[in-house]
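Undergrad: Here the sequence shown is numbered in this note's numbering, starting from 10 and rising by one per residue.
Note that CB positions come from ideal geometry on N, CA and C, so glycine has one too.
Here you go, one structure.
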Amino acid sequence: MLEKIDELLVEVVDFNTSDKEKIEQFRIRFNGKKGILNDFFEKFKDVPNEQKKEFGQKINALKQAVNLKLDELKNADSSSISSEKGDLTKPGFPLELGSRHPINLVKNKIIDIFKSIGFAVADGPEIEDDLHNFTALNLPEYHPARDMQDTFYIETNPDILLRTHTSSVQIRYMENHQPPIRILAPGRVFRNEAISSRSHCIFHQIEGLYIDENVSFADLKQSIQFFTTELFGKSKIRMRPSYFPFTEPSAEVDVYWGLNSETDYKITKGTGWLEIMGCGMIDPAVLQNVNIDAEKYSGYAFGMGIERIVMLLYQMGDIRMFFENDVRMLEQFKTV
Ligand code: PHE
10 MLEKIDELLV EVVDFNTSDK EKIEQFRIRF NGKKGILNDF FEKFKDVPNE QKKEFGQKIN
70 ALKQAVNLKL DELKNADSSS ISSEKGDLTK PGFPLELGSR HPINLVKNKI IDIFKSIGFA
130 VADGPEIEDD LHNFTALNLP EYHPARDMQD TFYIETNPDI LLRTHTSSVQ IRYMENHQPP
190 IRILAPGRVF RNEAISSRSH CIFHQIEGLY IDENVSFADL KQSIQFFTTE LFGKSKIRMR
250 PSYFPFTEPS AEVDVYWGLN SETDYKITKG TGWLEIMGCG MIDPAVLQNV NIDAEKYSGY
310 AFGMGIERIV MLLYQMGDIR MFFENDVRML EQFKTV
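In structure tokens:
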């Protein structure tokens, strides 16, 4: 029956005449009380459940095509742009459904995982001031670590800049809330970096922040392990000492990807390990900057680049693809 609908769809799309009689016959044949469409809608209840969705979509597409065609033929009849081909400025058929961008797909997956353990989503501006992006995060002016995150400034007011990470959202949230705090900060960030297959001046991050009494490094580790297990199906992780001005101690997280295929060797450089995020225990100086009692509370934070995670999950080799919006790339994510 599905094939029959496809055949009818082609017939409808190809149908063309200026003969009023024939248009009326076409209308009755498809749209009449005993017409083809009603007949299909009646048969719908007998379609097996697992085929209902596809069947429903197809008859609706057919219905849409019939109505479009009737409009087109009737208008052609009365307007001066009537031509054999109809109105060339009308949208093409079939009308395609769009799909989510891979960055949003993966962002939503990450949010769902952390939501299941109590995290909420927080938001903040992309155009930031120096205080929220740097100074309050223990990165005062002239701190050498600012070199790691050069950005775009406004010439007339160097206090205004494009945020380099979504840690700025965490500062804003802490300014207005007392612990317990459990938030995720997803969003677009900017860095003054050359564009290549591996780096881009615009990308997306998702950062997390957890503050309460007695939060320890063990809490951080097990939350991240939960996350890698849920997202990649991989629970083996390791934490390497690292440095961020706003966390102490700080670590990079590697997940054990395995060495089961040639690609695994390539992306892990033969080690089996892949770096996926930075993290650490919030430096008490940061808590003091936002008036949270550092004697009473402690917390952890983590941050990752979403593009990197998408590239790992779907074996994509070039970060620039995310920003070109080529439909041939995007439509591959329709079924994800
Ligand atoms: N803000 C850091 C960055 O953008 C990532 C990070 C977040 C590291 C939280 C540690 C803790 O590089």
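Would you list the residues sitting across from residue 166 in a DSSP beta bridge?
TA: In the DSSP output, where bridge partners are listed per residue, residue 166 has 163.
Undergrad: Going by C-alpha to C-alpha distance, which of 233, 296, 290, 197 sits closest to residue 314?
TA: If we check each option's Cα against that of residue 314, 197 comes out closest.
Undergrad: Going by the C-beta, is residue 284 closer than 7 Å to any heavy atom of the ligand SAM?
TA: This structure does not include the ligand SAM; its bound ligands are the ligand PHE.
Undergrad: Express the C-alpha separation of residue 203 and residue 337 in angstroms, rounding to a whole number.
TA: Roughly 26 Å between the two C-alpha positions.
Undergrad: Give me the Cα-Cα distance between residue 230 and residue 237, rounded to the nearest whole angstrom.
TA: If you take the alpha carbons of residue 230 and residue 237, they lie about 11 Å apart.
Undergrad: Hey, out of 66, 32, 224, whose CA is closest to residue 50's CA?
TA: The residue with the shortest Cα to Cα distance from residue 50 is 66.
Undergrad: Suppose you measure from the CA of residue 45 to the CA of residue 14; what does that come to, to the nearest Å?
TA: Taking the straight line joining both Cα atoms gives about 10 Å.
Undergrad: Closer than 7 Å between the C-beta and any heavy atom of the ligand PHE: which residues qualify, listed along the chain?
TA: My final list is 158, 173, 174, 176, 214, 216, 253, 255, 256, 259, 287, 288, 289, 310, 311, 312.
Undergrad: Can you look up residue 221 in the DSSP assignment and give me helix, strand or coil?
TA: Of the three classes helix, strand and coil, the one that applies to residue 221 here is strand, per DSSP.
Undergrad: Quick check on residue 318: does DSSP put it in helix, strand or coil?
TA: Helix at residue 318.
Undergrad: Between the region 247-266 and the region 274-293, do three or more beta carbon pairs fall short of 8 Å?
TA: The region 247-266 vs the region 274-293: in contact.
Undergrad: What does a CB cutoff of less than 6 Å around residue 91 pick up in its chain, not counting 5 residues either side in sequence?
TA: The pLDDT assigned to residue 91 is 49, lower than 50, so where the model puts this residue is not dependable; a value taken from the coordinates is nonetheless given after this. Answer for residue 91: 85, listed in chain order.
Undergrad: Who are the near neighbours of residue 171 in its chain, counting only those whose CB is closer than 6 Å to its CB and skipping five residues on each side?
TA: If we look at residue 171 and ignore the five residues flanking it on each side, its Cβ neighbours are 160, 161, 199.
Undergrad: Counting only runs of 3+ residues fully inside the region 235-268, write out the beta strand (DSSP E) ranges in chain order.
TA: DSSP runs (the beta strand (DSSP E)) wholly in the region 235-268: 246-253, 256-265.
Undergrad: In terms of alpha-carbon separation, which member of 56, 317, 78 lies closest to residue 20?
TA: Nearest of 56, 317, 78 to residue 20, Cα basis: 78.
Undergrad: So is residue 290 buried or exposed if we call it buried at 16+ other beta carbons inside 10 Å?
TA: So residue 290 counts as buried.
Undergrad: For residue 146 and residue 250, which I take to be in contact (beta-carbon distance under 8 Å), what is that distance rounded to the nearest angstrom?
TA: So it is not a contact: roughly 19 Å between Cβ atoms.
Undergrad: Can you tell me which of the three DSSP states residue 91 falls into?
TA: Here residue 91 scores only 49 on pLDDT, less than 50, and its place in the model is too uncertain to base an answer on.
Undergrad: Specify, as a first and last residue, the run of the alpha helix (DSSP H) that residue 338 falls within.
TA: That run of the alpha helix (DSSP H) goes 336-339.
Undergrad: Hey, how far is the Cα of residue 28 from the Cα of residue 104?
TA: Cα-Cα distance, rounded: 27 Å.
Undergrad: For residue 190 versus residue 220, is the C-beta spacing smaller than 8 Å?
TA: Their beta carbons are under 8 Å apart, which means residue 190 touches residue 220 by this criterion.
Undergrad: Output needed for residue 329: all residues of its chain with C-beta closer than 7 Å, excluding positions within five of it in sequence on either side, in chain order.
TA: Once the five neighbours on either side are set aside, the close Cβ partners of residue 329 are 204, 206, 209.
Undergrad: If you reduce the DSSP assignment to three classes, tell me which class residue 132 lands in.
TA: Residue 132: coil per DSSP, three-state reduction.
Undergrad: From 245, 112, 62, 187, pick the residue whose C-alpha is nearest to that of residue 222; which is it?
TA: That would be 187, whose Cα lies nearest to the Cα of residue 222.
Undergrad: Quick check on this structure: which residue in 294, 239, 248 has the alpha carbon closest to the alpha carbon of residue 120?
TA: Comparing Cα-Cα distances from residue 120 to each of 294, 239, 248, the minimum goes to 239.
Undergrad: In this structure, how does DSSP classify residue 181 when only helix, strand and coil are distinguished?
TA: The answer is helix: DSSP assigns residue 181 an H, G or I state.
Undergrad: Could you check how far apart the C-beta atoms of residue 195 and residue 116 are, in whole angstroms? I think they sit under 8 Å.
TA: Their Cβ separation, rounded to whole angstroms, is 5 Å, which keeps residue 195 and residue 116 in contact under 8 Å.
Undergrad: Applying the criterion that 16 or more other CB atoms from any shown protein chain within 10 Å of the CB defines a buried residue, is residue 179 buried or exposed?
TA: Residue 179 comes out buried.
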